[in-house]
Amino acid sequence: MPERIVVSFRGTAALSQPDSTDAITTRPRRGAYAAAPRRRGAACDASRAACDASRAVRGDESYLARALALKKRAEALGATLCAWSAQTFSFEFAPDDIEEAVLLSALAAEDATVPSDARFAAGIAQGDMTYVGEAGRFSALSWGQPLLVAVMLARIALPGDVLLDPALPAVLSGELMTLGIHRGIDGSRRVRGLRLDAQQPLRRQVLESVARLCTPALIGRDSELAELSVPPGSLAIVRAETGAGGSRLLRELLRHLAPSRGLFVSPIGASREPLGALRRAFARAVPRADRRGGRAPSLPDRLRPALARLLAGEGVEPWTAAKLLASWLAPSDGRFDLLAVDDAGEVDAASLDAIAIAMGMDAGFRAVVRLGRSEPLPAPLTAITTASALTLGPLSAASAQELVRRLLDGCMDEAGARRWAARAPAFPLALRELICEGLEGGALRWIGRSVGTRRRSAGRGAPARTMTGAELAAPPAAGPIVGRLRFLSVGHRTVLTALATLGGDASDAAIDALCAGTGAPTVAAIEAALLGAGWAFRPEPGWLKLTSRTLRDVLLASVPPGERAAWHLAAARVVEDHAGALGLADAAWHAAQAGDRRAAADLAARAARAASDALLEPSAAELLAFADEQETSRGPLSNDGEADSSSSQPPTYRTPIEVVGDAIEPQRAPPAREHPGSGAAREEAESSARFRGAALPEGAGDGAPGATRSNGLRAAGAGADEAPEDLADLTLPEERTAALGAPGDPLAKTSESPVLSMNDVAARLAELARQALVQGDLRTLERLVGELHRIGEHPALVERMGGLISLGRGAKEDALRRFRRAAEADAPPMQRARSLLAHGVALAAAGRAEGALLEALSALARAREAEDRRGEQACAQFLARLAAATGHHEAARTWAQVARLAAAAPPP
183 MPERIVVSFR GTAALSQPDS TDAITTRPRR GAYAAAPRRR GAACDASRAA
233 CDASRAVRGD ESYLARALAL KKRAEALGAT LCAWSAQTFS FEFAPDDIEE
283 AVLLSALAAE DATVPSDARF AAGIAQGDMT YVGEAGRFSA LSWGQPLLVA
333 VMLARIALPG DVLLDPALPA VLSGELMTLG IHRGIDGSRR VRGLRLDAQQ
383 PLRRQVLESV ARLCTPALIG RDSELAELSV PPGSLAIVRA ETGAGGSRLL
433 RELLRHLAPS RGLFVSPIGA SREPLGALRR AFARAVPRAD RRGGRAPSLP
483 DRLRPALARL LAGEGVEPWT AAKLLASWLA PSDGRFDLLA VDDAGEVDAA
533 SLDAIAIAMG MDAGFRAVVR LGRSEPLPAP LTAITTASAL TLGPLSAASA
583 QELVRRLLDG CMDEAGARRW AARAPAFPLA LRELICEGLE GGALRWIGRS
633 VGTRRRSAGR GAPARTMTGA ELAAPPAAGP IVGRLRFLSV GHRTVLTALA
683 TLGGDASDAA IDALCAGTGA PTVAAIEAAL LGAGWAFRPE PGWLKLTSRT
733 LRDVLLASVP PGERAAWHLA AARVVEDHAG ALGLADAAWH AAQAGDRRAA
783 ADLAARAARA ASDALLEPSA AELLAFADEQ ETSRGPLSND GEADSSSSQP
833 PTYRTPIEVV GDAIEPQRAP PAREHPGSGA AREEAESSAR FRGAALPEGA
883 GDGAPGATRS NGLRAAGAGA DEAPEDLADL TLPEERTAAL GAPGDPLAKT
933 SESPVLSMND VAARLAELAR QALVQGDLRT LERLVGELHR IGEHPALVER
983 MGGLISLGRG AKEDALRRFR RAAEADAPPM QRARSLLAHG VALAAAGRAE
1033 GALLEALSAL ARAREAEDRR GEQACAQFLA RLAAATGHHE AARTWAQVAR
1083 LAAAAPPP
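If you're matching positions, the sequence shown starts at 183 in this note's numbering and goes up one per residue.
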């Protein structure tokens, strides 16, 4: 018995010859027998009889014509006539054709060519039907429970109404919109049905109403705008909870104060990237200024490379970032520019430092920051003169009512606006989300230029009252947002969750990458739906941003606890692939949230190196401390090289010690090549030191950025009672010599010794690095490799050991990049053999056996070319292990024999 949707129609057909039968008599009106019959003339009686007969014939023809026309329309929609009687007829649809069934019934009920009291009444039900027989091409007689229910609903329905079975699956899922309940009696049965909204029968039509909401001008904040005074060089503070309109007020200030240029800074991502907020603000301001008639400022030539580095995510020194701000917001045309900082408590510290330095340069621009109601002013901004401060509270009752009417384009009457404004706390976001929930949930009905309620009880909330402390602490718009999310499809909600996980402001490419494998649609496919419903907007081409921080928090809170780690782990990988070098700090935070402490430590260390290269020493120290915390909390690797069980990365291969054991030759390697732009960076550091005095880290007063970076790295790894020392400071040899006996820091016996030469220092560092590698002490190994890199000795060894560090922490992609660079570098055959073998080991650890085999064979050829027996032995041993791991046991035995022969061969 196939399941079918049954639609039954009932009409009223008049008798064409009422006098031809005695079976039907007209029911006499009350009091007709008591009243005296009126006498009519013969002419009058004949005229009345002819008129009744003519009306009956027209009614009969009209009913039949409309029924036949409805039958043709049903057949065009794929329906089949399944039953009929004198005044009822029914069609059946496939179970998935609910929209076609609703469309057919709604068109018949809303037929404007027929008087309202003569329209068809309809009933819809769904269930199993039994096939009876064919009755024509588009007719298949059927019978079943749905037919009985649909016919009874059609009988009790009023003309022009469509009644739905309350058990209809489309009703239970909320796909159809109803106008209430209609009850009646059919014979001896009480029948109840839901009235279909024939004008907006489908929920997707209702959801489209949200796109009609307007964005009115700022309402109810005129006094706050007049109260806010921001002289040049000063700071104004706007305190507002989420949803109170603080962000909107900042954007309105950019228009109200009429600056020649403005810059809007807001948090980006996880707010861990140094200078991330400032980078995103400039990335959006530059093209926007160009589109508005070339109003972008002309930066000095020396700052153009700095802006390019900042936009590329490489970072610049805070003083340089401050100069960029000062140059961008320099007064022009007699007007002072404005800097707006939204959610200042979430903006990264490096961006706030740059803003504070720029404000102290007497650049002449003004700044307005938004904070929470009780949120303290961030420490970098406390030194700036605060000119004024205001707190945004709820709107007045009149302003809330006016906001509701403006949102609906004036289509709701004042009584309705007053009723709905009293249902929510009088915050702008809460009122807007409440109206959206009313439209999407079906409580409100927007037809043409009229907005009303579907039911009389809709919108009758409690009167406005004073909010409690708990209500003030909770975001006032959270409740309506949660209600709206119930109507979102799974794919749309997945995309919004991905955007919230990335911080609520991300590129389309990153969102699509995070949603890959979830079955969710791409951003381009659902862009119109998300923007139309007010879930997100376009801050710049190719980027999507959630409309409020409350929405971001609600989306993140709605993720089941068991799935949050998976979201963060995927986000860490996406950010690593799409962010710059400093953006790896965000990836490290996501990895830590996912519990992958190994990846978190590796990503944080890489971000710290990028921050140190950009002279962002406080950020570098903070990232190194974060990496150290992740390392110490997960515990060191075991001696057999097994990975931490808490990490999602698979265990790596053990590496033969010969791969990293370069022979130390008593000659200096060429000095390390100076980083591009380091001369300019050194000049900026020196000018910064002259301006800020002791603001730079200790030891940077001589303008040597190399020493500054070294101190920053060592200070982050030092103990609580251990102060970093300048490597160039050799004024206290006695204390230094005494410190050599301390067993704590291995660097104290190498690079800080005033007796050892640079060659001895390099040899000792390499020896200690090999020992740390054998012991599995990655922290010490990383510090030693950093010192080797700093003094410019053994670059090939540094590259390979850096790859081993990454490999040990599970960062296979970074390790492969490092080993590949070392393998492709020009070097003597012996060193080239070891680099190639190290690359092969890394490829094997990544599961790329074919590439590992090719690299190991190349390494073997180079070792034999250099007559390096130890290298030949290491290559053969690795090939034996690789063959055994891939199931080629005969080849494994052959390579093991080659290794034994190489070990037994006499030295050349």
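All C-beta atoms in this analysis are idealised placements derived from N, C-alpha and C, irrespective of residue type, glycine included.
Span separating the alpha-carbon of residue i from that of residue j
i	j	result
P558	G527	8 Å
G1022	R791	26 Å
A1149	A770	Outside the modelled stretch of the chain, which goes from 183 to 1090, sits residue 1149, for which no answer is possible.
P500	L431	29 Å
G620	A710	21 Å
E1077	A1043	A small fix is needed here, since residue 1077 is Trp in this sequence, not Glu. Rounded to the nearest angstrom, the two C-alpha atoms are 14 Å apart.
A1087	R780	42 Å
A307	R636	22 Å
V333	V353	18 Å
A300	L346	20 Å
W725	D687	7 Å
E551	M541	The residue asked about is misnamed: residue 551 is Val in this sequence, not Glu. Approximately 13 Å, taken between the alpha carbons.
A1081	A1065	14 Å
E758	S581	46 Å
G623	T295	32 Å
A265	A322	8 Å
Where residue i sits in the DSSP three-state scheme
i	result
G685	coil
E274	strand
R186	strand
C697	helix
G495	coil
Q382	coil
A322	strand
F808	helix
L345	strand
V736	helix
E316	strand
F191	strand
L797	coil
R372	strand
L263	strand
R1000	helix
Supposed contact pair residue j and residue i - C-beta distance, whole angstroms, cut 8 Å
i	j	result
G1033	A1004	About 15 Å; that fails the 8 Å criterion.
G193	F302	5 Å
V392	G716	6 Å
A426	F609	5 Å
T360	D379	6 Å
V586	I617	7 Å
A565	A508	Incorrect: roughly 16 Å between the Cβ atoms, too far for contact.
A538	L511	Contact flag wrong, Cβ pair sits at about 14 Å.
A532	S801	5 Å
First through last residue of the beta strand (DSSP E) which encompasses residue i
i	result
D368	T360 to D368
T635	S632 to T635
R394	Looking at the DSSP string, R394 is not in any beta strand (DSSP E), and its letter there is neither H nor E.
C618	No beta strand (DSSP E) holds C618; the alpha helix (DSSP H) holding it covers P610 to G623.
W717	That residue, W717, is in no beta strand (DSSP E); it is neither H nor E in DSSP.
R627	L626 to I629
Q269	Element bounds for Q269: n/a, residue is neither H nor E.
L728	W725 to L728
Terminal residues of the alpha helix (DSSP H) in which residue i lies
i	result
A418	Element bounds for A418: not the alpha helix (DSSP H) but the beta strand (DSSP E), L417 to R421.
A307	Not the alpha helix (DSSP H): A307 falls in the beta strand (DSSP E), residues A303 to D310.
E282	I280 to A291
M334	Q327 to I338
E745	P743 to H760
Proximity test, residue i beta-carbon vs the ligand FMN heavy atom, cut-off 6 Å
i	result
P414	Among the components modelled here there is no ligand, and therefore nothing to report on the ligand FMN.
Closer than 7 Å to chain B by CB, residue i
i	result
A565	The chain labelled as chain B is not found in the depicted structure, where only one protein chain is given.
Inset, instruction - Tell me the start and end of each unbroken alpha helix (DSSP H) in the region 503-588 that is at least 4 residues and wholly inside, in chain order. - result: 531-541
Inset, instruction - Just list the alpha helix (DSSP H) runs in the region 425-465, keeping only unbroken ones of 4 residues or longer that don't cross its boundaries, in chain order. - result: 428-438
Inset, instruction - Within the region 1015-1087, note down every full alpha helix (DSSP H) run reaching 4 residues or more, in order along the chain. - result: 1031-1047, 1051-1067 and 1071-1086
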